[in-house]
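According to UniProt numbering, the sequence shown is numbered sequentially starting from 1. Structure, as structure tokens:
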Amino acid sequence: MSIEFYPEIILEGDLSPDAFGAEVDDICQEIHAACKGFGTAEDRLLKVMGSMSPSTRCKVPIRYKELFGKELRAVMKSECGNRDFGFALQLLAVDPLSADCMLVEKACDGAGTNELLLFTIICGRTNREMELLKKKFFDAETKDLGRVLDRELGGNLEALVFNVMQASQQEYDIDFHNDEKVKEDIEALHEFGIGSWGTNEKGLFKILCASPPEYVKKLDRAYAQKHGYSLTKALEKELGGHVRDAAMFMLGMKLNPIKQVSDLLHRACKGLGSNELLLTATLIRYSGILKEVMIAHAEEYSKDLKERIKGETGGNYEKLLVAILDSVE
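Encoded structure:
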């Protein structure tokens, strides 16, 4: 089954303030104390902000406004700016669903679209999470997410993203997703790709987007047995550019989400200079599985993720990212 990354409090819509408890009040008071007076106590602030669980991040902004009459995100922006450190604090100052809406806006801001950031937010989520994102984006931005992406994307990447946005992933049914269907679909996938003169991207996307993780794993095994290479390798051969990366990301999130997030962090850190926005977004968005991701990253890349981040970043920004990692150990 698919992993849901939003906490239950978002999935169930249970944001009643009377259920928040003393811990949330203590966090709000600590944030307020770090920000009051002349100058900000950044070390104190980043420690408390970086230690919040996804569920706690749903509660703190609401309670903070009740206690102090201010939006927590606005306080973070005022105190720490809008660059790497400040923007990371802003993402932590809202619930995870609102943070995703902020990241979509960020990916679409300015002269060029940040396709890499955009498809990692849109792809790899459950039907329920997709519907929540579309509704929240409209409520927060008074814009239809589909229309925004229609302006930002084009070609096969747009086709893939819009297929994902339909929230058409099937529930796994052992009777429906049987061996006969596996044979039928791996034949179709091959014909849509390697087995034809031209790639039928829409045909590939339709099957892969509709297939639940349990079934994708069956397809991958059967495809490799018949054709000698995995579905991931098939997509790598047949597609190019951003659409290849997006399709492989979506497939990876169905086959092995822990490994896929580890690979995404590797991508954010590798080469000359790190991709700070992707690094920030990935650590915060997937904080619920970071413990497992850190183990997978060390095994695959022989590098400790925390030490790697220390080598790629600096200052308060580095301290905040390390605080996030420390909170899950």
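Quick reminder that beta carbons are idealized off the backbone N, C-alpha and C, glycines included. Computed from a prediction, not measured in an experiment: that's the story for all the values here.
Residue ranges of each alpha helix (DSSP H) within the region 155-233, 4 or longer
Runs of the alpha helix (DSSP H) inside the region 155-233: 155-165, 179-192, 201-210, 213-227.
Would residue 132 and residue 121 qualify as a contact pair, given that the criterion is a beta-carbon distance under 8 Å?
Between residue 132 and residue 121, the C-beta spacing is not below 8 Å.
Going by DSSP in three states, residue 7 sits in which element: helix, strand or coil?
Residue state, collapsed to three classes: coil.
How is the alpha helix (DSSP H) around residue 107 delimited, first residue to last?
DSSP places residue 107 inside the alpha helix (DSSP H), whose first and last residues are 96-108.
What does a CB cutoff of less than 6 Å around residue 242 pick up in its chain, not counting 5 residues either side in sequence?
Around residue 242: 115, 157.
I think residue 210 touches residue 223, with their Cβ atoms under 8 Å apart; what is that distance to the nearest whole Å?
The pair is not a contact, with the Cβ atoms about 16 Å apart (cut-off 8 Å).
Are there three or more Cβ pairs, one per stretch, closer than 8 Å when the region 181-194 is compared with the region 132-150?
No: the two stretches stay apart, fewer than three of their Cβ pairs being nearer than 8 Å.
Going by other Cβ atoms of all chains shown within 10 Å of its Cβ, with 16 needed for buried, is residue 272 buried or exposed?
Answer is exposed; the Cβ neighbour count stays below 16.
Can the beta-carbon of residue 331 be found closer than 8 Å to that of residue 204?
Since the displayed the chain opens at 1 and closes at 329, residue 331 lies outside it and no answer follows.
Are residue 199 and residue 238 close, meaning C-beta to C-beta below 8 Å?
Cβ distance < 8 Å, so residue 199 and residue 238 count as in contact.
Could you give the DSSP three-state label for residue 256: helix, strand or coil?
The three-state reading of DSSP puts residue 256 in coil, since its state is none of H, G, I, E or B.
The alpha helix (DSSP H) spanning residue 277 covers which residue range?
Segment 276-285, the alpha helix (DSSP H) holding residue 277.
Backbone secondary structure at residue 123 - three-state DSSP:
In this structure, residue 123 counts as coil in the three-state DSSP scheme.
If we cut at 8 Å on Cβ distances, does residue 102 have a partner in chain D?
In the structure shown, chain D cannot be found, because there is only a single protein chain.
Please list, in chain order, all residues of the same chain as residue 190 whose beta carbon is under 7 Å from its beta carbon, the five residues on each side excluded.
Excluding residues within five positions, the ones whose Cβ falls inside 7 Å are 227.
Report the residue from 260, 162, 66, 287 whose alpha carbon sits nearest the alpha carbon of residue 201.
Here the closest residue by C-alpha is 162.
Assign residue 59 to buried or exposed, taking buried as 16 or more other Cβ atoms, counted over all protein chains shown, within 10 Å of its Cβ.
Its Cβ being crowded by 16 or more others within 10 Å, residue 59 is buried.
Distance between beta carbons of residue 293 and residue 262, contact taken as under 8 Å
Sure, about 5 Å apart at Cβ, within 8 Å.
Check the C-beta distance from residue 265 over to residue 219 and give it rounded, since I have them as a contact under 8 Å.
Wrong, their Cβ atoms sit about 26 Å apart, outside the cutoff.
Buried or exposed: residue 70, going by 16 or more other Cβ atoms within 10 Å of its Cβ?
Taking every protein chain shown into account, the CB of residue 70 has fewer than 16 other CB atoms within 10 angstroms, so this residue is exposed.
Can you tell me whether residue 87 is buried or exposed? The criterion is at least 16 other CB atoms within 10 Å of its CB, across all chains shown.
With 16 or more other CB atoms across the displayed protein chains lying within 10 angstroms of its CB, residue 87 is buried.
Might you give, ordered along the chain, the residues of its own chain that have their beta carbon closer than 8 Å to the beta carbon of residue 48, omitting 5 neighbours on each side?
Cβ neighbours of residue 48 beyond the five flanking positions: 27, 30, 31, 34.
Just the Cα atoms here: how many angstroms apart are residue 247 and residue 96?
Between residue 247 and residue 96, the C-alpha separation is close to 24 Å.
Compute the beta-carbon to beta-carbon distance between residue 79 and residue 40, rounded to the nearest angstrom, for a pair I have assumed lies under 8 Å.
With a beta-carbon spacing of about 5 Å, residue 79 and residue 40 fall inside the 8 Å limit used to define contacts.
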